[in-house]
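According to mature numbering (1 follows the signal peptide of the UniProt record, and there is no 0), the sequence shown holds residues -19 to -1, 1 to 335 in order.
Each residue gets a CB set at the ideal place from its N, CA and C atoms; glycine is no exception.
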Amino acid sequence: MKRKLAVLLTVTLCFGLLAGCGSKKEEAPAASTGTGDSKEAPAEEPKETKSMTLYYSNSTDWADPIIQEFEDQTGIKVDLVQDGTSSLFARIKAEAGNPQADVVWGGVIDTYRANQDMLQQYTSSNVDALKDAAKDANGYYTGFDMGPMVMIYNTELVDAAGAPTSWADLLDEKYKGQIACADPTSASSSFACMMSIILAYGTDDGKGYEFIEKLVDNLDGKILDSSSGVYKGVADGEYMVGLTYEEAALRYIQSGANIAIVYPSEGTSSSPSGMAIVKDCQNLKNAQKFIDYLSSKEVQEQLGDLNRRSVRSDVSDPDTMEAWDKITFVNMDIDWTSSHTQEFNDMWNDLISR
């Protein structure tokens, strides 16, 4: 399996940056509305089926080969709906009571924590091998991979000697209107960057929010719709610097883009991306198998080839990545970020409307 999956990933990634892969979308099948005796029936074991529906926000070029291997191994057909993380959770919320998805995959776990009422509790069979950051004590979600939030800069527009080294450098007048930043109310990676900044500068005295206000002013009204616009914009020379995630930056560097990575000196975060089972889903056993598959050592060992860091304690990061102990991290308080998400969103919308 390991060799087969590696081949699939290699072939797909070789073409991914050149041609791109179209989003592979299929409408989720309608839920059965069968009738029956109105008497409450005793709880039954989930039925064995040969299909499931996955809502995912990951890039199709690397995620689809992983999904294909799951189908090949299990014979379970996976119907796909691909969209942004926030849009997928909005869809799950709208479908409450008649869920169309079985699993949601992608986006930082902060989003899962904030929406756990939509999720089904499940503890993966691989839980003992997972790092603590990838576990939820209540079993509402499981981490899939890890990677720090980073800054990037265009090496043709910014001299290495004068390149930013900290979040604070983003407030420099020379970067006004030259910072690629996605809307954090819809892009989970941008949200994670904003939370990193707030936690680095302080939540109790309001200094974190004050920094965000100054940063928004230096954006000069330029806010991108998606995370991909950030690294593409910096690589194409439309922006001098950007806020993004490590995997995307490494991927573009390996493709020959003129960008460099900065791990902010004040500290950054590395919230795992998440995966979870949708509450009251139609194909529970298959959903559980899929979560176990994604957290298996066989799959996790492939993540280094995708510029991602495994959530398993028995899988090491590749030598091509910055050593974990050389990166400064903030104390990522998931309880705080989850409980202040709406407050932050309201503040952000107020700032950009001024």
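Quiz prompt | For Asn107, the three-state DSSP class (helix, strand or coil) | solution = Position 126 of the sequence shown, counting from 1, holds the residue named residue 107. Three-state result, Asn107: coil.
Exercise. List the residues that DSSP assigns as beta-bridge partners of Thr123.
Key: Here residue 123 corresponds to residue number 142 of the sequence shown, with the count starting at 1. Its beta-bridge partners are Lys116, Met256.
Quiz item: For Ala44, which three-state DSSP category applies?
Solution: Along the sequence shown, one-based indexing puts residue 44 at 63. In this structure, Ala44 counts as helix in the three-state DSSP scheme.
Quiz item: So, helix, strand or coil for Thr318, using DSSP?
Solution: The residue you call residue 318 lines up with position 337 of the sequence shown. Note: Thr318 maps to helix in three-state DSSP.
Self-check item: Pick from Asn312, Thr322, Leu224 that is closest to Tyr182, judged by C-alpha positions
Solution: Mapped onto the sequence shown, residue 182 falls at position 201. Answer by Cα proximity: Asn312.
Quiz item: Excluding the five sequence neighbours on either side, which residues of its own chain have a C-beta within less than 8 Å of the C-beta of Glu21, listed in chain order?
Solution: On the sequence shown, residue 21 is found 40 positions in, with the first residue counted as 1. Low confidence applies to Glu21: its pLDDT is 42, below 50, so where it sits in the model is not reliable enough to give any reading.
Quiz item: Excluding the five sequence neighbours on either side, which residues of its own chain have a C-beta within less than 6 Å of the C-beta of Asn39, listed in chain order?
Solution: Here residue 39 is taken as the residue at index 58 of the sequence shown, counted from 1. If we look at Asn39 and ignore the five residues flanking it on each side, its Cβ neighbours are Gly87.
Exercise. Report the residue ranges of all alpha helix (DSSP H) runs contained in full by the segment 166 to 225; include only those spanning at least 4 residues, in chain order.
Key: 169 to 182, 188 to 200, 209 to 216
Quiz item: If you compare alpha carbons, which of Ser105, Val62, Met175 is closest to Thr225?
Solution: Position 244 of the sequence shown holds residue 225. Answer by Cα proximity: Met175.
Practice problem: Just the C-alpha distance for Leu231 and Asn288, rounded to the nearest angstrom, thanks. | Solution: For the purposes of this step, residue 231 is taken as the residue at position 250 of the sequence shown. For the purposes of this step, residue 288 is taken as the residue at position 307 of the sequence shown. Cα to Cα, the separation comes out at about 6 Å.
Quiz item: Between which two residues does the beta strand (DSSP E) carrying Thr34 extend?
Solution: The residue labelled residue 34 in the question sits at position 53 within the sequence shown. First-last of the beta strand (DSSP E) with Thr34: 32 to 37.
Quiz item: Under 8 Å, do Ile204 and Asp164 count as touching if we go by C-beta distance?
Solution: Position 223 of the sequence shown, counted from the first residue, corresponds to residue 204. Position 183 of the sequence shown, counted from the first residue, corresponds to residue 164. Cβ atoms of Ile204 and Asp164: closer than 8 Å.
Exercise. Please classify Gln63: is it buried, with 16 or more other beta-carbons within 10 angstroms of its beta-carbon, or exposed?
Key: Mapped onto the sequence shown, residue 63 falls at position 82. Gln63 comes out buried.
Quiz item: Does the beta-carbon of Trp43 have 16 or more other beta-carbons within 10 angstroms, so that it is buried, or is it exposed?
Solution: As a position in the sequence shown, residue 43 is number 62, starting the count at 1. Buried: at least 16 other Cβ atoms inside 10 Å.
Quiz item: Contact check, Ala149 vs Val243 under 8 Å by CB: the rounded distance?
Solution: Counting from 1 along the sequence shown, the entry for residue 149 is found at position 168. Counting from 1 along the sequence shown, the entry for residue 243 is found at position 262. Incorrect: roughly 12 Å between the Cβ atoms, too far for contact.
Self-check item: At least three beta-carbon pairs within less than 8 Å, the segment 114 to 129 to the segment 205 to 213
Solution: no
Quiz item: Considering only the beta carbon of each residue, do Lys260 and Leu100 sit closer than 8 Å?
Solution: As a position in the sequence shown, residue 260 is number 279, starting the count at 1. As a position in the sequence shown, residue 100 is number 119, starting the count at 1. Yes, these two residues count as a Cβ contact at 8 Å.
Quiz item: Do Gly158 and Asp185 have their C-beta atoms within less than 8 Å of each other?
Solution: Sequence index remark: in the sequence shown, residue 158 carries index 177 (1-based). Sequence index remark: in the sequence shown, residue 185 carries index 204 (1-based). Against a cut-off of 8 Å, the Cβ pair of Asp185 and Gly158 comes out as no contact.
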